[in-house]
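Participant: For reference, the structure I am asking about is given below.
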Amino acid sequence: MKGPSDKLQTIIILLLLAAATLAVYQQVRGHDFIAFDDDLYVTDNVNVQNGLTWRGVKWAFTTTQAYNWHPLVWISHMLDCQLYNLNPAGHHFTNVLFHIVNTLLLFLVLNRMTGSFWRSGFVAALFALHPLHVESVAWVSERKDVLSTFFWLLTMWLYVHYVRHPRLVNYLSIMLALALGLMAKQMLVTLPLVLLLLDYWPLERFTLGRQK
1 MKGPSDKLQT
11 IIILLLLAAA
21 TLAVYQQVRG
31 HDFIAFDDDL
41 YVTDNVNVQN
51 GLTWRGVKWA
61 FTTTQAYNWH
71 PLVWISHMLD
81 CQLYNLNPAG
91 HHFTNVLFHI
101 VNTLLLFLVL
111 NRMTGSFWRS
121 GFVAALFALH
131 PLHVESVAWV
141 SERKDVLSTF
151 FWLLTMWLYV
161 HYVRHPRLVN
171 YLSIMLALAL
181 GLMAKQMLVT
191 LPLVLLLLDY
201 WPLERFTLGR
211 QK
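This is the structure:
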């Protein structure tokens with residue numbers, strides 16, 4: 001069980017990670033939509049621009065526009081239009097918010113799996129600030145990346161929780177998070193294999209040649 005000092009350290013590092021990520025990406029509020037895919041996903045998409053409606057949700061679950069089936073991505077864009085209309089600052093802010101949450105989730109998942117507090121913080125900071133993520137965060141159409149990453153990390157966190165507390169409700173929560181993630185990006189089909197690898201390390205549910 002964590003003591004008060006451990007909890008305080010965790011809160012401090014979470015605040016630092018959030019502040020650092022926001023400091024780096026706050027400039028995207030001044031960016032506009034771009035003419036590559038943002039028109040397809042938002043600015044020229046009437047179904048999205050109408051905001052969150054039952055008709056729009058039905059469309060999101062039945063369309064393969066943009067050569068993908070990712071209803072949660074469409075619904076997230078609809079919600080943005082509901083809140084911000086076509087103000088690009090709001091749409092960019094949602095991406096940044098997801099990236100911040102993903103950074104915090106990554107730290108919590110790694111720390112819970114490994115118990116390596118500072119190493120987990122370093123990896124989370126690297127994830128937050130690495131230039132490779134600029135496209136996913138600063139490009140509105142790449143909402144599918146930050147959204148699917150959220151469900152990927154949430155599924156991992158729930159899996160670790162299930163390993164520590166193997167109850168049916170915890171197992172079902174993993175299935176739900178994975179299903180939602182698949183509705184954001186199909187690449188989550190590979191996540192069960194990753195969970196199997198985590199069983200070997202660092203969760204150590206089994207070792208090569210024998211069951212633990």
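So the sequence shown is numbered by the UniProt record's numbering: it starts at 1 and just counts up by one.
Each residue gets a CB set at the ideal place from its N, CA and C atoms; glycine is no exception.
Predicted, not measured: the structure shown is a model, and the values here were computed from it.
(1) Below 7 Å CB to CB, which residues in the same chain sit around I174 once its five sequence neighbours on both sides are set aside?
(2) Taking 7 Å as the cut-off, is the C-beta of L14 nearer than that to any heavy atom in the ligand NAP?
(3) Grouping DSSP H, G and I as helix and E and B as strand, with all else coil, what is K212?
(4) Helix, strand or coil for F36? Go by DSSP, reduced to three states.
(5) Could you name the residues of the same chain whose beta carbon sits closer than 8 Å to that of K212, not counting the 5 residues immediately before and after it, in chain order?
(6) Any beta-carbon of chain C closer than 8 Å to the one on W54?
(7) Whole alpha helix (DSSP H) runs in the UniProt domain "Glycosyltransferase RgtA/B/C/D-like" (93-197) with 4 or more residues, listed along the chain?
(8) Rank D37, Y41, A66, D80 by C-alpha distance to the C-alpha of L52 and give the top, closest one.
(9) Just to confirm before moving on: does the CB-CB distance between L17 and A125 stay below 8 Å?
(10) Can you list, in chain order, the residues of its chain with a C-beta nearer than 8 Å to that of P88? Leave out the 5 residues immediately preceding and following it.
(11) Skipping 5 residues on each side, what residues in its chain have a beta carbon closer than 6 Å to that of Q82?
(12) Should the segment 85-104 be called in touch with the segment 6-22, which here means at least 3 C-beta pairs below 8 Å?
(13) Are the beta-carbon atoms belonging to F151 and L188 less than 8 Å from one another?
(14) I'd like the ranges of any beta strand (DSSP E) spanning at least 3 consecutive residues and lying wholly in the segment 20-83.
(15) With contact counted as at least three CB pairs below 8 Å, one residue from each stretch, are the segment 66-78 and the segment 37-44 in contact?
Facilitator: The relevant details are as follows:
(1) T155, L158, Y159, Y162
(2) Ligands in the displayed structure: none, and consequently the ligand NAP is not present.
(3) Any answer about K212 is weak, because its pLDDT of 48 lies below 50 and its placement is not dependable; what the coordinates show is given next. Here K212 sits in coil by DSSP.
(4) coil
(5) With a pLDDT of only 48 at K212, under 50, the local geometry of the prediction cannot be trusted, and no value is derived from it.
(6) No chain C is present in this structure, which holds just one protein chain.
(7) Unbroken alpha helix (DSSP H) stretches of 4 residues or longer found wholly inside the UniProt domain "Glycosyltransferase RgtA/B/C/D-like" (93-197): 117-129, 134-138, 143-164, 168-182, given in chain order.
(8) D80
(9) yes
(10) H31, D32, F33, V140
(11) G51, L52
(12) These segments touch.
(13) yes
(14) none
(15) Enough Cβ pairs lie closer than 8 Å, so yes.
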